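First residue of the sequence shown? That's 9 in the numbering used here, and the numbers climb one at a time after it. Even for Gly, the Cβ is constructed at its ideal location relative to N, Cα and C. None of the values given here were measured: they were computed from a predicted structure. Heads up, the thing below is written out as structure tokens.
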Amino acid sequence: MSSSCLVLFLHFLILFRFSSSSHASSVYDSFVSCLASKSIAQSEISKIVYSPKNSSFNSILQAYIRNRRFFNSSTTSKPVIIVTPTKESHVANAVLCTKETNLQLKIRSGGHDYEGISYISDGPFVMLDMFNLRSISINVKDETAWVQAGATLGELYYNIWMKSEALGFPAGVCPTVGVGGHVSGGGYGNMLRKFGLTIDNVLDARLVEVNGRILDRKTMGEDVFWAIKGGGGASFGVILAFKIQLVRVPETVTYFRVERVLDQNATDSVVQWQNVANKIDNDLFMRLLIQPITVKSKNKAKGAKNTKTIRATFIALFLGDSSRLMSLVNKEFPALGLTKQDCLQMSWIDSVLRWANFDNTTNPNALLDRKGDPLNFLKRKSDYVQEPIPKDGLESIFQKMISMGKAGLVFNPYGGRMAEIPEDETPFPHRAGILFKIQYSVNWNELGVAAEKDYLSQIRDLYSFMTPYVSKNPRQAYLNYRDLDIGTNNQGPQSLEKGRIYGIKYFKNNFNRLVKVKSMVDPQNFFRNEQSIPTQTHSIHAQGAMKRRKMF
Ligand SMILES: Cc1cc2nc3c(=O)[nH]c(=O)nc-3n(C[C@H](O)[C@H](O)[C@H](O)COP(=O)(O)OP(=O)(O)OC[C@H]3O[C@@H](n4cnc5c(N)ncnc54)[C@H](O)[C@@H]3O)c2cc1C
Ligand SMILES: *[C@@H]1O[C@H](CO)[C@@H](O)[C@H](O)[C@H]1NC(C)=O
Ligand SMILES: *[C@@H]1O[C@H](CO)[C@@H](O)[C@H](O)[C@H]1NC(C)=O
Ligand SMILES: *[C@@H]1O[C@H](CO)[C@@H](O)[C@H](O)[C@H]1NC(C)=O
Ligand SMILES: *[C@@H]1O[C@H](CO)[C@@H](O)[C@H](O)[C@H]1NC(C)=O
């Protein structure tokens, strides 16, 4: 850089910093005065609104970031304001004031979005952080519950267990996942073959719509209620709470975790698993993890090499006792070689802890810990499989994974209740005909762009290698495994066409109904993000908003 360039550059920097910080404070002031005009007391506002100048801004922002890739985000992708509502009316007024100050709204419940889109954005935005709204009320007699969006799944499971050991709920296996994103994006866990998805067990909802009204199922109508059960809440409003149908769980369930490497005929077990896991008794859910690992050589002599192999790990929840499980698996899935010692009987709540990788001495109150595992850099992708992958196909996939070294696969079997529910019952379309879902997974700890580039290209490479074995036209994907590789929307003139690219993968033909509902309830596209549901026509308001943004 020449010295005159450098001077210019510094000049630019100073100008830029000056204008961006004065912009930030003026936005903060107008947002706060807007809230005051909605008759929220100043004493309340000062407790729930943060600007980047507040000393706790960063810790509030980072508290629910679950992907290290986005932990130290640049200034430009951070919110200009964070609101942490403690009442429903705060949410309604935050929506109105975000609109009035011409900002984008991002909504965060548990912050588990794999691409971080609940707390980062390209343009200036308000982050509405729902963590204070997390009350849970269980009605044991009705076997129902109301749970607020900011609660975690762990808090929900714990509260159900406190009230009744005979009840449970079919949702995700990671206790720190937030209800708001999880439920509105579909939600599945280890009881899906018996009870379906989380959204198949939702009875009612409370939602703040674009004009700040608080609606329930009756007042929002069946179209909107349909849309927020799997279409992603963030395109339609702010979910305050869901009413859910609890399910009955037996006193004793059985858990197993069985590992097989290639030398132990792992491939044969995987071949048989594909034909069995989606057809076997609905009480049984067997997840399959496939990972490349290095086995240390037993030969201590010099020059002895470690060998690379594939490990297949079968993790199961059976809603019954171990003897029924043993006879079922030995009859239908003999290639697994399951033994009595593998089968651990326990209560349902202990199985929740086990699936979350706690050991068998852990008290259920561990489910109340909102912090979760240490942060990793990570990337996820998803696919659906409709035909068993032939043995030689599996062998080539395993060799590919060994040669790459880090990316893993998780197979989650469907069938059972999943296959009985029609494709258009909810926006989530991956039902009958799906044998299993694949999650592609890579975690790393090395800092730097080179490592990130390497791991991202590894998982994308594996995804591309899998093309012959997975669903096509469209190549289906699961909304809650957010993946911006499959298409994004900049809300420009082509937003409907752009939205269709990822929308068809997530929702198949349900995308069209989602667009209709969206156009009806939010025609000006206030509730938008990188992969939101577009409106039918490009709105004049959106163009105006873009012009205004350029004027800042
Ligand atoms: C460790 C881990 C384990 C997981 N395990 C499972 C699993 O077992 N099963 C499964 O199905 N999925 C699983 N997921 C995926 C998870 O379901 C999704 O990431 C889900 O969207 C997370 O919800 P959240 O509220 O925590 O996320 P957030 O990042 O807060 O939100 C995700 C999306 O929902 C929107 N949103 C959040 N709250 C609201 C609201 N109140 N109103 C409107 N929109 C809202 C956000 O704007 C964003 O678009 C897992 C994810 C992680 C990181
Ligand atoms: C943020 O800072 C402002 C200005 O100092 C203060 O009035 C407000 O109370 C702070 N907000 C929070 C949530 O602490
Ligand atoms: C974020 O950046 C800071 C300062 O560079 C560093 O100390 C910290 O370890 C980073 N945090 C994560 C989670 O990467
Ligand atoms: C693997 O399969 C072969 C052939 O069916 C069999 O002989 C062998 O005992 C199996 N090995 C293990 C570890 O199960
Ligand atoms: C807990 O697990 C250990 C080994 O992992 C086992 O020895 C012990 O019996 C288990 N305890 C209970 C109560 O299941």
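Opposing strand residues paired with residue i [DSSP bridges]
| i | result |
| --- | --- |
| aspartate 137 | Arg116 |
| lysine 251 | Trp154 and Asp212 |
| tyrosine 392 | Lys445 |
| arginine 295 | Ile323 |
| glutamate 145 | Position check: residue 145 holds serine in this sequence, whereas glutamate was assumed. BP columns for serine 145 point to Trp154. |
| asparagine 420 | Lys445 |
| glycine 186 | Thr160 |
| tyrosine 263 | Leu325 and Leu352 |
| leucine 223 | Leu215 |
| glycine 176 | Val255 |
| asparagine 451 | Leu386 |
| arginine 268 | Ala320 |
Cβ neighbours of residue i in the same chain (closer than 6 Å, five flanking residues each side left out)
| i | result |
| --- | --- |
| phenylalanine 133 | Pro87, Leu111, Gln112 and Lys114 |
| methionine 294 | Ala285, Phe322 and Ala324 |
| glycine 507 | Asn497 and Pro542 |
| glycine 311 | none |
| valine 148 | Lys171 and Ser172 |
| lysine 304 | Asn314 |
| glycine 511 | Phe519 |
| serine 85 | Ile128 |
| asparagine 527 | Checking the sequence shown, residue 527 turns out to be serine, not asparagine. Same-chain partners within the cutoff: Thr543 and Gln544. |
| valine 360 | Tyr165 |
| serine 405 | What sits at residue 405 in the sequence shown is isoleucine, not serine. Closer than 6 Å at Cβ, skipping near neighbours: no residue. |
| isoleucine 410 | Pro300 and Lys316 |
| tyrosine 196 | Leu205 |
Neighbourhood of residue i by C-beta distance below 8 Å, restricted to the same chain and skipping five residues each side
| i | result |
| --- | --- |
| glutamate 96 | Leu141, Arg214, Val216, Ile222 and Leu248 |
| phenylalanine 65 | Tyr58, Ser59 and Ile90 |
| glycine 380 | Arg74, Cys182, Pro183 and Thr184 |
| aspartate 259 | With the sequence shown as reference, residue 259 is identified as glutamate, and aspartate is not the correct amino acid for it. Same-chain partners within the cutoff: Glu173, Ala174 and Ser355. |
| lysine 513 | Pro482, Arg483, Gln484, Ala485, Ile494 and Gly495 |
| lysine 348 | Ser330 and Met334 |
| asparagine 283 | Pro396 |
Nearest neighbour of residue i, chosen from the options [CA to CA]
| i | options | result |
| --- | --- | --- |
| glutamine 544 | Val529, Gln532 and Val523 | Val523 |
| alanine 274 | Ile73, Val457 and Pro300 | Pro300 |
| aspartate 350 | Phe534, Ile357 and Asp329 | Asp329 |
| aspartate 224 | Gly194, Ser503, Asp212 and Gln280 | Asp212 |
| asparagine 209 | Asp377, Ser192 and Asn219 | Ser192 |
| phenylalanine 436 | Ile288, Gly424, Asn488 and Ser527 | Asn488 |
| arginine 70 | Gly511, Arg521 and Asp137 | The residue asked about is misnamed: residue 70 is glutamine in this sequence, not arginine. When only C-alpha atoms are compared, the closest one is Asp137. |
| glycine 441 | Leu455, Tyr422 and Leu361 | Tyr422 |
| glycine 158 | Val218, Leu296, Gly456 and Thr92 | Thr92 |
| arginine 388 | Trp452, Asp377, Gln280 and Gly456 | Trp452 |
| glycine 131 | Arg521, Gln499 and Arg116 | Gln499 |
| proline 531 | Gly245, Arg362, Gly180 and Ala44 | Gly245 |
| asparagine 167 | Leu375, Asp391 and Ala320 | Leu375 |
| valine 261 | Tyr72, Arg439, Arg362 and Ser47 | Arg362 |
| aspartate 291 | Ile298, Phe264, Gly118 and Phe326 | Phe326 |
Own chain partners of residue i with C-beta closer than 7 Å, once the 5 adjacent residues on each side are dropped
| i | result |
| --- | --- |
| valine 155 | Ile144, Leu164, Val187, Ala249, Phe250 and Ile252 |
| glutamine 466 | Met412, Lys414, Ala415 and Val450 |
| threonine 109 | Val35, Ser38, Phe39 and Cys42 |
| tryptophan 169 | Ile357 and Pro372 |
| leucine 344 | Val266, Ser277, Phe322 and Val337 |
| serine 29 | Low confidence applies here, because serine 29 scores a pLDDT of 47, under 50, leaving its location unreliable and the question unanswered by this model. |
| aspartate 121 | Gly189 and Arg490 |
| arginine 76 | Leu383, Asn384 and Phe385 |
| phenylalanine 203 | Pro178, Asn209, Val255 and Arg425 |
CB contact check: residue i to chain C, cutoff 7 Å
| i | result |
| --- | --- |
| aspartate 493 | No chain C is part of this structure, which consists of one protein chain only. |
- Whole alpha helix (DSSP H) runs in the stretch 301-370 with 4 or more residues, listed along the chain? Restricting attention to alpha helix (DSSP H) runs no shorter than 4 residues, the stretch 301-370 encloses them at 330-340 and 356-363, ordered along the chain.
- Task: Determine contact between the stretch 446-458 and the stretch 408-426, defined as no fewer than three beta-carbon pairs at a distance below 8 Å.
- Result: Note that the stretch 446-458 touches the stretch 408-426; at least 3 beta-carbon pairs, one per stretch, sit closer than 8 Å.
- Segment contact, 8 Å Cβ cut-off, at least three pairs: the stretch 392-401 with the stretch 429-436: Three or more Cβ pairs closer than 8 Å define a contact, and the stretch 392-401 falls short of that threshold against the stretch 429-436.
- Item | Cβ contact check for the stretch 383-391 and the stretch 187-197: 3 or more pairs under 8 Å | Output reads no: the stretch 187-197 does not touch the stretch 383-391.
- Item | Every unbroken alpha helix (DSSP H) within the stretch 496-535, with a cutoff of 4 residues, ordered by chain | Correct list: 503-515 and 518-529.
- Touch test, the stretch 167-186 against the stretch 351-362, Cβ-Cβ under 8 Å, three pairs minimum: Taking a contact to require three or more Cβ pairs closer than 8 Å, the stretch 167-186 and the stretch 351-362 qualify as touching.
- Query: Any contact of the stretch 528-540 with the stretch 233-242, i.e. 3+ C-beta pairs under 8 Å?
  - Reply: Yes, the stretch 528-540 touches the stretch 233-242.
- Message: For a minimum of 4 consecutive residues, which ranges assigned as the alpha helix (DSSP H) are wholly contained in the stretch 23-73?
- Response: Listed in chain order, they are 50-56 and 65-71.
- Task: Examine the Cβ distances between the stretch 72-87 and the stretch 122-137 and report whether three or more of them are shorter than 8 Å.
- Result: Result yes; three or more Cβ-Cβ pairs closer than 8 Å.
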